[in-house]
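Residue numbers (the working numbering), protein chains in the order written: chain E, 1 to 364; chain W, 1001 to 1364.
Beta carbons are placed, not taken as given, at the ideal position from N, Cα and C, and that holds for glycine.
Owing to the predicted nature of the structure, the values given are computational and were not obtained by experimental measurement.
Notes to accompany the following structure.
Number of protein chains: 2
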Amino acid sequence: MAAEPPPTPVRFGIIGCANIARKVSRAILLSPNSTIVAIGSRSIEKAAAFAKDNGFPASAKAYGSYDAVLDDPEVDAVYVPLPTSLHLHWAVLAARKRKHVLLEKPVALNVGELDEILAACESSGLQYMDATMWMHHPRTAEMKAFLSDPQRFGQLKAVHSIFSYNSGPEFLKNDIRLKPDLDALGALGDAGWYCIRAILWANDYQLPKTVTALKDAEFNEAGVILSCGASLLFHDGILATFYCSFLSNLTMEVSVLGANGYLRVHDFIIPFQENVGPFYVHANTKFAQLSIGIEPEPTEHLVTTDLPQEALMVKEFSSLVGKIKENGLGTETKWPTISRKTQLVVDAVKTSIDKGFEPIEVAY
Amino acid sequence: MAAEPPPTPVRFGIIGCANIARKVSRAILLSPNSTIVAIGSRSIEKAAAFAKDNGFPASAKAYGSYDAVLDDPEVDAVYVPLPTSLHLHWAVLAARKRKHVLLEKPVALNVGELDEILAACESSGLQYMDATMWMHHPRTAEMKAFLSDPQRFGQLKAVHSIFSYNSGPEFLKNDIRLKPDLDALGALGDAGWYCIRAILWANDYQLPKTVTALKDAEFNEAGVILSCGASLLFHDGILATFYCSFLSNLTMEVSVLGANGYLRVHDFIIPFQENVGPFYVHANTKFAQLSIGIEPEPTEHLVTTDLPQEALMVKEFSSLVGKIKENGLGTETKWPTISRKTQLVVDAVKTSIDKGFEPIEVAY
């Protein structure tokens, strides 16, 4: 019996030379079912230099515009690492040009914009996915299996997440994530996005009933959020809190508390090591005799991976694109659905801050 | 030169045979500067059995009342493990009988009660200390040294703490901590106390400006708190959150986030091991090249101790009592001060819950 032929690689175009595009370019080249055929920048020299510096195939084309990438018939899918305020225009245009869309997060300035992007993709049968890499690490599925274990974890009760990093004064002065016309959501969009996704993930993507930003958020002179926190109240009294910041040490935590167990992970967004992700489980923990110590002690679980999580993300996206392209299958709706829910909560936190830290109801 | 004579041991009386008194009795016997001379219970048989079961010296007296302990002239200090609602009466009476007071937490139903206890101790020059054991582990001082390091930790930004345990239906039905007439503060007093202390500790005992309980708390049929969370806003925008519960797996976390560093500890209340306490430090953490991993990785710090933290607590208390008794020194005011601040925040959380999760201002 002949082996199945390898899938035709999904051919990526990249629009923009953002720093994150270096990591994702590497991921596209590492993934077995994808390749890069084009990159566009406002400067063709910059695009060519980016292609060269990042080991693109010699056949990859460098363009002096984003439009040229979208007009290239060899491009199946685009990866969009542009500033958030440009996502609406370019992601919608990409969909109109019949390109599948892998969209960097935060995906939009608000859910209204995202809905336009999703509608453009959906109406043409194009796959949409946001570039939230940790979703694709095999550790994430293993952690979920623990959270789904009624004996060892039980009913979900509380979630807490932190994502912060402190890139110093130069970042705070010049990075696009600090410019209200480029990334108006600041730390909430760039860092809080992950915390919110983690909280939704732990809740099986059930939306919270209400979202309340915690006093006080910090802002730069232009009004962009530098740090904020929020509490999210779910049905059944499940309580989640998060804290995100551009002003604190790089920290990437999720802790999930259940009636019978507890899970914590300290590098959920970017694993400290590429090939292995640890997480820590406390299950059915009781005080030892005389309340000296506990039984049993927490355990460390190491989940290895052959490919880094960003390559697994590209692989999953490309697999879905391949099925649509070659087998005529429909799109996977999970990804746009959870992206939209994440954006809804981002919006609610922003609205709560804008309204003086009032509770905001969240409705799908 | 002759060696200094060993100090005369401080002679403890214990009023009540609560389970926690077993652990603290062991601590009193382990500490080199203390001993047990009396125990009182409402039943003399129970007191005698407790003394025998817990290895008290043969000379220790068993009394059929708490009063008898307080009237015993050989008793220098009393340890009070009674239900919270009885603290006001018995701690004040102990002070009137000129006994130093080691008081189990939660120390009082509200700060008004605590103020009566503190006034009774202070007016007679008696040492007061609450039995918050983790304060006395050498790890706590080492963690504080890290938090005080401007290069490796920097400005404090956020604190999160969890203390929960799930002792099952029997506990929820029968334990004194679930009875409104005995321990009306429920999980907030018994578990939240530690989280609040940790938050204050991280803030060098500065009080928060406002305290807001997070929707929704859970209660039993009698209205006792089974789980709750709160956010605490400090000056300089420092944000703290905590979650405490009788309905979730045993979990004892503090995480402290600064501009340049991060500290986490997973067994701060009761170390998993008696002779060593770990904590974890992330300092000046940056994304690695291409945002693949981080540099440097977090480090584990192990702090060993010859005596368990509860014995170090007794040792510190006894040392202070000894100095008063033998050298005529004054009391150490740190302990009543931080106990009162902790109670003030407990009260504010309770008030916030009672007022429908409104922000409550905290004033000393």
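{"Query": "So if DSSP puts W:His1160 in a beta bridge, which residue, or which two residues, is it bridged to?", "Result": "W:Thr1241, W:Ser1255"}
{"Query": "With distances taken from CA atoms, which of W:Leu1114, W:Thr1140, W:Ala1048 is nearest W:Arg1264?", "Result": "W:Thr1140"}
{"Query": "Work out the CA separation of W:Val1321 and E:Gly229 for me, nearest whole Å.", "Result": "44 angstroms"}
{"Query": "Starting from the C-beta of W:Ser1041, find all residues in its chain whose C-beta is less than 6 angstroms away, skip the five residues before and the five after it, and write them out in chain order.", "Result": "Cys1017, Ala1047"}
{"Query": "Select from E:Tyr79, E:Pro180, E:Ile338 the residue whose C-alpha is nearest the C-alpha of E:Leu29.", "Result": "E:Tyr79"}
{"Query": "From W:Phe1287 to E:Val314, what distance separates their C-alpha atoms?", "Result": "21 angstroms"}
{"Query": "Taking Cβ-Cβ distances shorter than 9 angstroms, what residues in chain E pair up with W:Ile1270?", "Result": "Phe287, Ala288, Ser291, Ile292, Gly293, Ile294"}
{"Query": "For E:Gly356 and chain W, any beta-carbon pair shorter than 8 angstroms?", "Result": "no"}
{"Query": "E:Val92 and E:Glu116 look like a contact to me (Cβ under 8 angstroms); what is the Cβ gap, rounded to whole Å?", "Result": "6 angstroms"}
{"Query": "Excluding the 5 residues preceding and the 5 following E:Asp175 in the sequence, name in chain order all residues of the same chain whose CB lies nearer than 8 angstroms to its CB.", "Result": "Ser167"}
{"Query": "Do you know how far the Cα of E:Ser34 is from the Cα of E:Tyr66?", "Result": "20 angstroms"}
{"Query": "Would you kindly work out how many angstroms separate the C-alpha atoms of E:Ala60 and E:Asn54, rounded to a whole number?", "Result": "11 angstroms"}
{"Query": "For W:Gln1151 and E:Asn249, I'd like the C-alpha separation in whole angstroms.", "Result": "11 angstroms"}
{"Query": "List, from N- to C-terminal side, the beta strand (DSSP E) runs of 3 residues or more that fit wholly inside the segment 1189-1247 of chain W.", "Result": "1210-1219, 1225-1233, 1239-1245"}
{"Query": "What's the call for W:Gln1309, buried or exposed, on a 16-neighbour Cβ count within 10 Å?", "Result": "buried"}
{"Query": "Counting only Cβ-Cβ distances shorter than 8 angstroms, please list the residues of the segment 1246-1274 of chain W near chain E, keeping chain order.", "Result": "Leu1247, Ser1248, Asn1249, Leu1250, Thr1251, Glu1253, Ser1255, Leu1257, Gly1258, Ala1259, Asn1260, Gly1261, Tyr1262, Arg1264, His1266, Asp1267, Ile1270, Pro1271, Phe1272, Gln1273, Glu1274"}
{"Query": "Going by DSSP, name the residue or residues bridged to E:Leu263.", "Result": "E:Val256, E:Val281"}
{"Query": "Based on the DSSP output, what are the partners of W:Leu1103 in its beta bridges?", "Result": "W:Val1080, W:Asp1130"}
{"Query": "Measure from the C-beta of E:Asp204 to each C-beta in chain W and report whether the shortest distance is under 8 angstroms.", "Result": "no"}
{"Query": "Under 7 angstroms between beta-carbons, which chain E residues line up against W:Glu1104? List them in chain order, please.", "Result": "Correct list: empty, because the minimum Cβ distance to chain E is about 13 angstroms."}
{"Query": "For the beta strand (DSSP E) that W:Tyr1066 lies in, which residues bound it at each end?", "Result": "Careful: W:Tyr1066 lies outside any beta strand (DSSP E), inside the alpha helix (DSSP H) at 1066-1071."}
{"Query": "Since E:Glu142 and E:Val303 are thought to touch, with beta carbons under 8 angstroms apart, how far apart are those beta carbons, to the nearest angstrom?", "Result": "5 angstroms"}
{"Query": "Please list the residues of the segment 1210-1226 of chain W that have a C-beta atom closer than 9 angstroms to any C-beta atom in chain B, keeping them in chain order.", "Result": "Included in the structure are the protein chains E and W, with no chain B among them."}
{"Query": "Looking at the unbroken alpha helix (DSSP H) that takes in W:Ala1348, where does it start and where does it end?", "Result": "1334-1354"}
{"Query": "For W:Ile1162, which of E:Leu70, E:Asp236, E:Ser255, E:Val111 has the nearest alpha-carbon?", "Result": "E:Ser255"}
{"Query": "Check W:Lys1097 in the structure and name its three-state DSSP category.", "Result": "coil"}
{"Query": "Measure from the C-beta of E:Ala158 to each C-beta in chain W and report whether the shortest distance is under 8 angstroms.", "Result": "yes"}
{"Query": "Pull the bridge partners of W:Gly1040 from the DSSP assignment, please.", "Result": "W:Ile1015, W:Tyr1063"}
{"Query": "Could you pull out every residue in the same chain whose Cβ sits closer than 8 angstroms to the Cβ of W:Lys1209, ignoring the five residues on either side in sequence?", "Result": "Leu1233, Phe1234, His1235, Glu1361, Val1362"}
{"Query": "In whole angstroms, what separates the C-alpha of E:His301 from that of W:Asn1284?", "Result": "26 angstroms"}
{"Query": "So the candidates are E:Ala119, E:Thr84, E:Asn260; which of them puts its Cα closest to the Cα of E:Glu104?", "Result": "E:Thr84"}
{"Query": "Rounded to a whole number of angstroms, what is the C-alpha to C-alpha distance between E:Asp190 and E:Pro106?", "Result": "6 angstroms"}
{"Query": "Quick one: Cα of W:Tyr1280 to Cα of E:Gln273, how far?", "Result": "17 angstroms"}
{"Query": "If I'm right that E:Ser25 touches E:Ser318 with Cβ under 8 angstroms, what's the distance once you round it to whole angstroms?", "Result": "Their Cβ separation, rounded to whole angstroms, is 14 angstroms, which puts E:Ser25 and E:Ser318 out of contact at 8 angstroms."}
{"Query": "When the Cα of E:Val346 is compared with those of E:Leu70, E:Ile44, E:Ala187, which residue comes out closest?", "Result": "E:Ala187"}
{"Query": "Residues of the segment 1007-1037 of chain W with a CB closer than 9 angstroms to any CB of chain E: list them in chain order, please.", "Result": "Asn1019, Ile1020, Arg1022, Lys1023, Arg1026"}
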